[in-house]
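**Student:**
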Amino acid sequence: MTLAREPRLPDPDGWYAQLMAAHRDLDEAASRQLDAALVVLLANHIGDAAVLAEALALARAAVSPAGAAGPAAAPAR
Amino acid sequence: MRLAPPLFPYRRPAALDRPGPEAAPLVIVGAGPVGLTLALDLARRGIASVLLDEEDTVSVGSRAICWSKRTLEIYGRLGLGQRFLDKGITWQRGRVFHGEREAYAFDLLPEQGHEYPAFVSLQQYHAEAWLVEACTATGLVDLRWRQRVAAMETLPDGVRLRVATPDGEYQMQAAWLLACDGAHSTLRAGLGLPFLGQIFHDRFLIADVRMRAAFPTERWFWFDPPFHPGQSVLLHKQPDDIWRIDFQLGWDADPEAEKDPARVRARVARMLGPDVPFELDWISVYTFRCRRLERFRHGRVFFLGDAAHQVSPFGARGGNGGVQDADNLGWKLAAVLDGRAPESLLDSYDAERLPAADENILNSSRSTDFITPKNAAARAYRDAILALSATQPLARPLVNSGRLSRPAILTDSPLATGGVPAAPAPDAPVLRDGQPDWLLRHIGAAGDGFTLLAFAGPGVPPAAAPPGLARVVVSQEETPGALFDHAGLAAARFAAGPGEAVLLRPDQHIAARFAAPELAAIAAAHAKALGHAP
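Going down the list, the sequences are from chains A and B. Per numbering that gives the first Met the number 0, residue 0 is the first one in the first sequence, and the count goes up by one each step. Per numbering that gives the first Met the number 0, residue 0 is the first one in the second sequence, and the count goes up by one each step.
#1: Of the residues that make up the segment 332-351 of chain B, which ones have a beta carbon closer than 7 Å to any beta carbon in chain A?
#2: Compare the C-beta of residue 31/A against all C-beta atoms of chain B and say whether one is closer than 8 Å.
#3: Check whether the Cβ atoms of residue 157/B and residue 146/B lie closer than 8 Å to each other.
#4: Under three-state DSSP, which class holds residue 169/B?
#5: At what residues does the alpha helix (DSSP H) containing residue 38/B begin and finish?
#6: Using the C-alpha atoms, what's the distance from residue 506/B back to residue 77/B?
#7: Hey, how far is the Cα of residue 74/A from the Cα of residue 53/A?
#8: Kindly indicate if chain A contains any beta-carbon less than 8 Å away from that of residue 509/B.
#9: When you compare the CB of residue 49/A with every CB in chain B, is at least one pair closer than 8 Å?
#10: Is the Cβ-Cβ distance between residue 210/B and residue 276/B less than 8 Å?
#11: In chain order, what residues of the same chain have a beta carbon less than 6 Å from the beta carbon of residue 391/B, not counting five sequence neighbours either side?
#12: As a quick exercise: from 376/B, 160/B, 102/B, pick the residue whose alpha carbon is nearest that of residue 388/B.
#13: Suppose contacts are defined by Cβ-Cβ distances below 8 Å. Is residue 196/B in contact with residue 290/B by that definition?
#14: Within a Cβ cutoff of 8 Å, which residues of the same chain sit near residue 190/B, ignoring the five residues on either side of it in sequence?
#15: Using only CA atoms, which one of 167/B, 121/B, 34/B lies nearest to residue 67/B?
#16: What residues in its chain sit with their C-beta under 7 Å from that of residue 21/A, if we drop five residues either side in the sequence?
#17: Just checking: is the beta-carbon of residue 360/B within a distance shorter than 8 Å of some beta-carbon in chain A?
#18: Tell me whether the beta-carbon of residue 528/B lies closer than 8 Å to the beta-carbon of residue 449/B.
#19: How big is the Cα-Cα spacing for residue 383/B and residue 36/A?
#20: Indicate whether residue 170/B and residue 21/B have their beta-carbon atoms separated by less than 8 Å.
#21: Using CA coordinates, which residue listed in 518/B, 427/B, 321/B is at the minimum distance from residue 182/B?
#22: Is the beta carbon of residue 219/B sitting closer than 8 Å to the one on residue 204/B?
#23: So, using beta-carbon positions, are residue 123/B and residue 63/B closer together than 8 Å?
#24: Give a yes or no on whether 8 Å exceeds the smallest Cβ distance from residue 384/B to chain A.
#25: I'd like the list of long-range same chain contacts for residue 423/B, defined as Cβ closer than 7 Å, with 5 residues on each side in sequence excluded.
#26: So what does residue 25/B bridge to, in DSSP terms?
#27: Go ahead and pull the three-state DSSP assignment for residue 52/B.
#28: Determine, using beta carbons only, whether residue 401/B and residue 313/B come nearer to each other than 8 Å.
#29: Would residue 28/A pass as an interface residue toward chain B - the criterion being a Cβ-Cβ separation below 8 Å?
#30: Alpha carbon to alpha carbon, how far is residue 396/B from residue 76/A? Give it in angstroms, no decimals.
#31: Verify the CB distance criterion: does residue 77/B have a CB-CB separation below 8 Å to chain A?
#32: Give the secondary structure of residue 19/A by DSSP, where H, G and I count as helix, E and B as strand, and everything else as coil.
#33: Compile a chain-ordered list of the residues in the segment 34-45 of chain A whose CB is closer than 7 Å to at least one CB of chain B.
#34: Does residue 379/B have its Cβ less than 8 Å from a Cβ in chain A?
#35: Near residue 115/B, what residues of its chain come up, given a Cβ to Cβ distance below 6 Å and the 5 sequence neighbours on each side ignored?
#36: DSSP puts residue 202/B in a beta bridge; with which residues?
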């Protein structure tokens, strides 16, 4: 399987608003932990190592384009 | 108070009073669990050794306390298994706590029908004392206490040693040298070998606490408990009312100040509450590395245990990995010294144990990364996983409080035939002449240590073994001389039906499988497992 790259969210603005609402009133550490919990839940739902690796590489490249071939390209440890 | 540790007598070596170097076929340096296990394994195979140790007693403190199922099976083969079971604390359940709550519990050996449990907790000093006793009883282990290697020189056919004793130095020429001298190996330094890897910026306090407590016999691991906030704590029960507690301290802790008994006492009291009386038996502060030598064989010198590789303590992979090194090398050395195998067989020690060490280093490094988050992201993930794990079983596989030692599978062994993974043979309950028995008790003991495990059933006879190869028959029927697989577990665990056969090595690892066994193919696999070129 490969990562779905076409837009799939039925209500993008609604989902974004939900995400922001979940973070409201959280300090930075709690916010980080919320995102981490979300990643764990979604990663488990996906359950496909290749899709997860592809998503991780894409996310890493989005944060640091020059680093696309850097650490994130290595297998996750 | 603890019983006084045994004192082993120093004896003035005869070589001090003789000219020229003493010739010794096989010298082991370091009488810790690994060196002693190797000496005992060799002696069981009829090979004599000289064992040098600079001390004259057993280990101080509990040190390696968790003896894994595979290690217990090895000690079973060496005749000490029952002592571990009788004295040690058997456990197979673990609990993980996060903050004030239990996150989840796990069972390491949910399956019945094994002679040995997942783990036995036992102080290293007890194991060492028994190993010394067993080595001495063989009459083949020349234990030399208070003797240390002061200098070494490698030769094409051995090693020249200068051995220091309380009465001065003497020279020894060893044909084979087995370095079991621990993490600070002087032999490793003597050869100038790089010992590279990762250092972890964290410190841990170990306390052996004597108390009567009602904790169950389980491995308890706390992340961020109220009595030791922000850090982790690990608790194991040991025999003699001793409890081993590991407190994570963080990198900034002052190791000297943390060893102050009053300070340790306060930490333990916070954990146990004000009403539990206890005594401190041993205190140590440690930091650790995960690293290994590039190769474990250097000509006539072999490195085993912590001298060859070091891991973090999470997962009990140090001592157990070292005992498996000895298990792997003992029969190979014996076969080479007996002239039954070419010297090149010994290269398979590297081929098999380097990947095993890497597996241990990988697992223990990952545990340490989880337990000691290196940055805010790692901490957020760890805490999120722990928080989720209390209610969401999906998160529990991610909780890493130590991936507890499992035997190496030896996937790419050069000694295996047909690409079969050289995994340790599984145990199974059997009946022998109507009496309960265990399959593994019959593997690796007879002849050259190789065994053909031949499966039989109604109307299907067991495969024949070629000359010189011991055979053990496992039958679906009660048959004289055979092991009766009354529960069907031997056949199931080996995935072998009547008429099939499995060739097992002296260390009880699988060398080959035969769906339609033929004498020539079995003999060829036997020869290959002994390092003979096809």
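A virtual CB, placed ideally from N, CA and C, is assigned to each residue, including glycine.
**Tutor:** Considering the structure as presented:
#1: The residues in question: there are none.
#2: For residue 31/A, the answer is yes, since a Cβ of chain B falls inside 8 Å of its Cβ.
#3: Not a contact, by the Cβ cut-off of 8 Å.
#4: In the three-state scheme derived from DSSP, where H, G and I count as helix and E and B as strand, residue 169/B is classed as strand.
#5: Element bounds for residue 38/B: 32-43.
#6: Put simply, the backbone Cα of residue 77/B is about 11 Å away from that of residue 506/B.
#7: Because residue 74/A carries a pLDDT of 44, less than 50, the predicted location of this residue cannot be relied on, and the following value inherits that uncertainty. For residue 74/A and residue 53/A, the distance between alpha carbons rounds to 10 Å.
#8: Cβ-Cβ to chain A under 8 Å: no for residue 509/B.
#9: For residue 49/A, the closest Cβ of chain B is not nearer than 8 Å.
#10: Residue 210/B is a Cβ neighbour of residue 276/B, given a cutoff of 8 Å.
#11: Excluding sequence neighbours, residue 391/B sits near nothing in its chain.
#12: Taking only the C-alpha atoms, the option nearest residue 388/B is 102/B.
#13: Contact: yes.
#14: Once the five neighbours on either side are set aside, the close Cβ partners of residue 190/B are 151, 153, 297, 300.
#15: With distances taken between Cα atoms, residue 67/B lies closest to 121/B.
#16: Around residue 21/A: 33.
#17: Not one chain A Cβ lies under 8 Å of residue 360/B.
#18: Yes.
#19: Rounded to the nearest angstrom, the two C-alpha atoms are 5 Å apart.
#20: Using a Cβ distance threshold of 8 Å, residue 170/B and residue 21/B count as a contacting pair.
#21: It is 321/B whose Cα lies nearest to the Cα of residue 182/B.
#22: No. Outside cutoff.
#23: Yes.
#24: Taking CB atoms only, residue 384/B has a neighbour in chain A less than 8 Å away.
#25: Excluding residues within five positions, the ones whose Cβ falls inside 7 Å are 69, 406, 507, 508.
#26: Listed as beta-bridge partners of residue 25/B by DSSP are 175/B.
#27: The DSSP-derived three-state label of residue 52/B is strand.
#28: Against a cut-off of 8 Å, the Cβ pair of residue 313/B and residue 401/B comes out as a contact.
#29: Closer than 8 Å: yes.
#30: Summary for residue 76/A: the model assigns pLDDT 38, below 50, so the residue's position carries little reliability, and this model does not support an answer.
#31: Residue-level contact by beta carbon fails for residue 77/B and chain A, as no gap is shorter than 8 Å.
#32: Reduced to three states, the DSSP call for residue 19/A is helix.
#33: Taking 7 Å as the Cβ-Cβ cut-off, the segment 34-45 of chain A approaches chain B at 35, 36, 39, 43, given in chain order.
#34: Under the Cβ distance rule, residue 379/B counts among the residues neighbouring chain A, one pair being separated by less than 8 Å.
#35: Contacts found: 68, 71, 72.
#36: DSSP lists no partner for residue 202/B.
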